[in-house]
Amino acid sequence: MTELEPLVDAAPATKVVGHSVQRIDGWEKITGAARYADDLEFGPGLLHACIVESPHGHARILRIDTSAAEKAPGVVRVVTGQDFPYRFGLYMQDRHIFAQDRVRFVGEQVAAVIACDAKTAARAAALVRVEYEPLPIVLDPVQAIEPDAALLHPELGTYPHVPWFFPRPQTNIAHWRKIRKGSIEEGFREADVILEDTYRVPRYAHCAIEPHSMTGLFDAAGRLTVWAASQSPFTQRNLFVQALGPLGLSHKDVRVIAPCVGGGFGGKAGVSCEIMAAALATAVQGQPVKVMWSRAQEFYNTYQRQGVVARVKLGVKRDGSITGLEHTLYWDAGAYVEYGANVVNAVGLSATGPYRIDNVSIDSICVYTNLPPGGPYRGFGYSEFFFGLESHMTRAAQAIQMDPVEFRRKNCIREGDTLAYGAEMNPNGLREAIDRTAAAIGWGTRETSADARKAIGKSLVLFWKAPAMPPNAASSAFLKFNEDASLNILISGMEIGQGLLTVMAQIASEILTVPVSKIRVETPDTDRNPYEWQTVASHVTWGCGNAVKNAAMDAREQIFALVERACGIARESLYLKDEKVRSRFRAGWELPLRDFAISGIQAPDHTFKGGPIMGRGMFMPEFSSAVSDPETGQGGHPNVHYTTGAGGIVLEIDRETGKTTVLKAALAVDVGKAINPDLIKGQIAGGLLQGLATALYEDMRFDENGRLLNANFADYKIPTALDIPGEVIPIIIETPQPDGPFGARGMGEHTMIPAAAMVANAIQDAVGVRLHSMPLTAEKIALA
Amino acid sequence: MNRLAIGFRLNGVAREVEVEPGDTLLEMLRDRLGIKSPKTGCDRGDCGACTVFLDGRTVRSCLVLAAEADGCDVVTLEGIAQIPGPLLRELAGHNSFQCGFCAPGVVLSALELLLAKPHPTRLEIQEAIAGNLCRCTGYTSIIEGIKAACGADAARDEAGPGGPAQTWGSALPIIEAACGADARTPPQPNSKGARP
């Protein structure tokens with residue numbers, strides 16, 4: 020029976036899956052051959068657009084005078100909101116392409132000048148005169164829900180939205196996710212200790228090194244093509260059709276081409292500034308228009324990671340059991356929440372963290388403010404709430420004199436436990452993650468610095484995250500054999516650096532025995548490649564991976580059916596090995612794939628049977644549903660599964676200056692199956708550093724008018740090669756995900772989620788200072 | 024606007040271009056000459072994605088005027104990638120990059136280090152690439168890739184085919200200083216990190 024082994028999908032000994040193969044896109048990136056959106060050439064007919072932006076955080080637009088700009092030499096067209104009076108949005112249609120009668124954040128697009136070159140467009144944009152009547156602004160989410168706060172969206176009640184949002188018209192509350200499980204009153208009555216506190220998290224910027232670049236062409240025949248730096252070509256196509264639908268566009272006529280992406284982190288998901296290239300192209304039919312975002316615009320007019328004010332109230336017994344959790348989160352979601360409200364929703368579902376808690380009350384409240392639109396950012400709200408929650412868990416353990424790691428071992432969630440919204444917890448290796456992380460950082464051993472001015476602290480915290488996506492988010496794949504039995508795989512999952520193309524090649528290679536070096540997977544064109552919802556939520560290894568695996572199995576079925584038909588060998592006896600078909604009934608017989616993958620198999624009568632082998636695969640989580648009781652959140656199955664893990668840290672703090680040095684950081688994540696361990700280690704090193712930077716120094720600062728003060732890399736510091744931890748210890752745990760390809764589940768976002776709480780708890784361990792607001796700067800430590 | 028006629032060597036090839044006085048070297052390379060490896064990341068010298076060699080030293084091409092390249096040797100990753108040596112091979116073999124957008128700048132900064140110092144310490148590697156921001160990798164995989172490429176061969180191989188002078192022009196003295204008398208010996212095959 021051993022010969023049948025290759026047919027078994029989750030065969031214990033995989034040949035390619037589970038191995039650290041070299042990235043298939045590595046060489047093109049290292050040689051500079053990789054082409055990103057800004058690198059594409061459109062010829063001398065290319066027009067450039069410059070955006071006229073609001074200087075006000077909140078104002079009524081009284082009048083726009085474009086006449087001087089229109090007269091400037093080289094200007095082709097000036098457009099304003101009047102040209103596009105259409106709403107759009109991913110989960111709630113609360114945006115326009117250009118502001119209509121009011122602006123709601125500093126930097127919001129009000130008009131655009133299209134000219135023959137970028138410098139001409141910029142000079143003419145300065146000639147556009149906009150008269151505003153300033154309105155009262157509100158920047159803080161807690162103030163924004165006061166009855167007398169300035170109202171941002173008087174028409175909120177008319178906005179179409181997904182059925183799992185619950186807006187409150189005539190307030191600034193765009194969505195209120197409630198979860199009620201058990202009895203929170205009973206939970207607090209049972210508690211020996213109740214601990215309550217408030218934690219604050221500011222806004223953060225993605226800081227992909229590649230700025231957004233997008234070029235649109237609406238040709239004379241009515242076809243719209245957009246080339247964009249994108250995590251979401253199909254969702255962008257869909258929203259372009261939605262936003263420009265009144266122009267009579269059909270999905271078949273809209274094409275999004277997504278070349279290499281220079282970092283995403285959520286910032287290139289959904290539709291933010293990309294909409295402008297699509298819309299402006301329709302204004303100058305026949306000529307391509309490019310919109311190139313500057314680094315400053317990258318900071319103030321794409322999605323930002325939302326700020327949050329979180330109140331955590333936790334009841335515990337002396338024996339260490341948790342009796343109740345009340346978690347109330349006020350999200351600073353910005354001027355438009357069409358994507359950000361789903362961050363709020365996702366957190367509402369999961370704000371217990373990976374703990375078994377019988378009595379839960381969660382309120383996750385999405386609040387409009389006069390700041391740039393919030394939206395997806397690696398971690399999708401989880402980093403934000405874990406800062407407070409995991410700070411609180413350590414404090415609760417301390418309050419009952421229990422070891423914080425032991426406290427977590429006792430309370431951590433297990434397979435089959437009931438989640439806060441009523442569904443069951445998936446298989447997970449969280450206990451193993453705790454134990455291995457604790458060992459990696461030498462938990463339980465106090466370390467002292469050689470320098471008497473410095474103190475060393477440690478901490479260990481837990482994390483989890485589920486993909487946040489509509490219940491019917493789908494993936495699909497085509498797989499084409501070539502004459503030499505090499506493969507082209509067509510998917511629309513995006514390579515955003517995580518290594519998706521390589522991992523997809525590995526999955527197909529495992530099934531079809533074609534080596535990874537003979538498989539090409541490239542970034543998509545929506546005309547050519549099949550559907551993928553978006554590359555977000557750490558779900559493409561799982562979702563797109565399942566689609567590719569299904570496509571490979573489909574191709575294998577076609578191969579076996581053809582061999583049976585053409586060669587008369589029983590289908591059940593066939594298997595693939597080393598790019599050849601073999602039969603366990605006929606020792607020594609083999610048929611190389613390259614002999615027939617395109618041209619078919621020649622029969623004894625000299626005719627040919629078969630034809631090009633093309634696999635097709637699709638995946639959608641058919642068990643998922645997002646509709647539940649609005650007052651309790653019970654009744655649905657909104658999350659497909661959770662990826663869990665633990666993070667540990669050893670850091671050193673200068674008692675005088677407060678300067679923190681990370682000596683060691685360990686992160687254990689249960690990936691189900693590590694399809695490419697090296698790429699997982701890369702995610703851990705990268706995500707952890709991104710998380711540590713948000714914990715220690717990154718911070719968006721706004722003035723009292725809502726203007727971003729640090730929209731550049733000199734004032735908004737991201738880590739350099741000198742700012743890395745002394746040591747990073749990646750720990751891979753593999754508790755298979757039953758419905759994942761080879762048992763895999765996603766892990767890209769998770770690597771940054773625990774960072775802030777790791778640092779906060781270790782600071783307290785080292786110097787006894789408990790910080791309640793991020794970032795956890797040297798200044799705050801020194802002054803405490 | 025008065026256009027300026029300038030001449031320089033680009034990856035070893037003599038070029039003559041007319042530029043506007045305000046054009047940056049980055050704009051000229053990308054928009055006029057189709058050299059796309061230097062990237063526009065911040066356009067103010069913070070991120071290092073636009074790094075190129077100007078007369079053998081790395082510069083941020085967004086901060087250099089195109090006119091300043093007159094009479095100079097400009098080397099970009101396109102030139103270096105013609106004959107990939109151990110540095111490129113090791114970076115590929117170590118899966119050093121993720122999105123790859125910072126890669127051209129990092130590669131050039133690393134090469135500048137290895138030319139000057141074939142056996143740098145880990146800290147020296149970190150310092151050498153500290154001006155090149157990378158948001159994906161956490162730098163560890165890049166540092167390991169560079170570390171693996173350390174040694175005299177690295178600089179020598181990257182320097183070019185049977186005559187480094189052809190590619191490197193005025194950068195050659197730096198190579199020779201770094202590698203000693205063997206600078207012109209042909210590259211040795213490298214068993215590790217072979218390309219896919």
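Residue numbers (the working numbering), protein chains in the order written: chain H, 20 to 803; chain B, 24 to 219.
Every residue, glycine too, gets a C-beta built ideally from N, C-alpha and C.
Please read all numbers here as calculations on a predicted model, not as lab measurements.
Interface residues of chain B around residue i at Cβ under 7 Å?
i                            : result
lysine 48 of chain H         : Phe120, Gly123, Ala126
alanine 53 of chain H        : Gly123
phenylalanine 732 of chain H : Cys65, Asp69, Cys70, Leu156
glutamine 316 of chain H     : Those do not exist, as glutamine 316 of chain H stays about 11 Å from chain B at its closest Cβ, beyond 7 Å.
In chain order, what residues of the same chain have a beta carbon less than 7 Å from the beta carbon of residue i, not counting five sequence neighbours either side?
i                        : result
glycine 241 of chain H   : Asp272
aspartate 573 of chain H : Gly634, Arg635, Gly636
serine 60 of chain B     : Thr99, Leu100, Glu101, Pro127
Along the alpha helix (DSSP H) that carries residue i, what are the first and last residues, could you check?
i                         : result
asparagine 780 of chain H : 774-786
tryptophan 46 of chain H  : 45-49
isoleucine 115 of chain B : Here residue 115 of chain B is alanine; the residue named in the question, isoleucine, does not match the sequence. Residues 109-116.
aspartate 454 of chain H  : 449-459
tryptophan 163 of chain B : Note on residue identity: the sequence assigns threonine, not tryptophan, to residue 163 of chain B. Taken as a continuous stretch (DSSP letters only), the alpha helix (DSSP H) holding threonine 163 of chain B covers 163-172.
glycine 206 of chain H    : 203-209
Classify residue i: buried if its beta carbon has 16 or more other beta carbons within 10 angstroms, exposed otherwise.
i                         : result
leucine 531 of chain H    : buried
lysine 200 of chain H     : buried
serine 86 of chain H      : exposed
isoleucine 198 of chain B : Low per-residue confidence applies at isoleucine 198 of chain B: pLDDT is 39, beneath 50, and the placement is therefore not dependable, though the value from the model is reported in the following sentence. Isoleucine 198 of chain B comes out buried.
alanine 206 of chain B    : Because the pLDDT at alanine 206 of chain B is just 35, under 50, the model does not fix this residue reliably, and the value given afterwards should be weighed accordingly. Its Cβ being crowded by 16 or more others within 10 Å, alanine 206 of chain B is buried.
glutamine 702 of chain H  : buried
proline 182 of chain H    : exposed
valine 36 of chain B      : exposed
leucine 195 of chain B    : Below a pLDDT of 50, predicted positions are generally treated as unreliable, and leucine 195 of chain B, at 49, falls in that range; no measurement from the model is reported.
glycine 186 of chain B    : In this prediction, glycine 186 of chain B has a pLDDT of 40, which is less than 50 and means its spatial position is unreliable; nothing more can be read from the coordinates.
aspartate 136 of chain H  : exposed
asparagine 491 of chain H : exposed
proline 392 of chain H    : buried
glycine 94 of chain B     : exposed
Considering residue i, what are the terminal residues of the beta strand (DSSP E) in which it resides?
i                         : result
tyrosine 387 of chain H   : 379-387
glycine 359 of chain H    : No beta strand (DSSP E) contains glycine 359 of chain H, which is instead part of the alpha helix (DSSP H) from 359-369.
arginine 38 of chain B    : 36-42
methionine 233 of chain H : 232-237
Determine the chain H residues that contact residue i at a beta-carbon separation under 7 Å, and present them in chain order.
i                        : result
aspartate 96 of chain B  : Those do not exist, as aspartate 96 of chain B stays about 18 Å from chain H at its closest Cβ, beyond 7 Å.
glycine 116 of chain B   : Gln41
glutamate 150 of chain B : Leu741
Give the residues of chain B in contact with residue i, contact being defined as C-beta atoms less than 8 Å apart.
i                        : result
glutamine 323 of chain H : By Cβ distance, chain B contributes nothing, its closest Cβ being about 15 Å from glutamine 323 of chain H, past 8 Å.
serine 313 of chain H    : Asp66
Sorted by chain position, which residues of the same chain lie with C-beta nearer than 6 Å to residue i's C-beta, five sequence neighbours on each side aside?
i                            : result
isoleucine 381 of chain H    : Ile198, His346, Gly367, Ala370
threonine 139 of chain H     : Gly93
leucine 33 of chain B        : Val97
histidine 270 of chain H     : Val260
glycine 654 of chain H       : Ser647, Asp648
histidine 117 of chain B     : Ser164, Glu167, Gly168
phenylalanine 426 of chain H : Gly339, Ala416
I want to check one thing, is the minimum distance from the CB of residue i to the heavy atoms of the ligand ATP below 7 Å?
i                       : result
aspartate 54 of chain B : The ligand content of the structure shown is nil, which means the ligand ATP is not present either.
Can you pull the chain B residues whose beta carbon is under 9 Å from the beta carbon of residue i, in chain order?
i                     : result
valine 747 of chain H : Gly161, Thr163
Here's a check: name, in chain order, each residue in its chain whose Cβ is nearer than 8 Å to the Cβ of residue i, leaving out the five neighbours to either side.
i                            : result
phenylalanine 604 of chain H : Ile588, Ala589, Ser592
phenylalanine 405 of chain H : Gly372, Val480, Phe482, Ile772, Pro773, Ala775, Ala776
Would you mind telling me which residues of chain H sit closer than 9 Å to residue i, beta carbon to beta carbon, in chain order?
i                      : result
alanine 104 of chain B : Ile49, Thr50, Gly51, Ala52
If you measure from the beta carbon of residue i to each beta carbon in chain C, is any gap under 8 Å?
i                      : result
leucine 727 of chain H : As a matter of chain content, chain C is missing from the structure shown, whose protein chains are H and B.
Legend entry - 4-residue-minimum alpha helix (DSSP H) runs that sit fully inside the segment 131-170 of chain H, ordered along the chain: 137-144, 160-163
Inset, instruction - Taking only runs that begin and end inside the segment 543-606 of chain H, name each unbroken alpha helix (DSSP H) of 4 or more residues, in chain order. - result: 559-586
Inset, instruction - Only counting runs of 3 or more residues, tell me where the beta strand (DSSP E) segments fall wholly within the segment 710-754 of chain H, in order along the chain. - result: The qualifying runs are 747-752.
Inset, instruction - Let me know the alpha helix (DSSP H) ranges lying completely inside the segment 66-134 of chain H, each 4 residues or longer, listed in chain order. - result: 86-90
Inset, instruction - Could you name each continuous beta strand (DSSP E) segment of 3 residues or more that falls completely within the segment 57-105 of chain B, going from the start of the chain to the end? - result: For the segment 57-105 of chain B, the continuous beta strand (DSSP E) assignments of 3+ residues that do not extend past its boundaries occur at 74-77, 80-83, 96-98, in sequence order.
Inset, instruction - Entirely within the segment 403-486 of chain H and at least 4 residues each: give me those alpha helix (DSSP H) ranges in chain order. - result: 423-430, 449-459
Legend entry - Inside the segment 663-704 of chain H only - beta strand (DSSP E) runs reaching at least 3 residues: Complete beta strand (DSSP E) runs here, min 3: 679-689.
Legend entry - Runs of beta strand (DSSP E) lying entirely within the segment 491-533 of chain H, each at least 3 residues, in chain order: 494-500, 506-509
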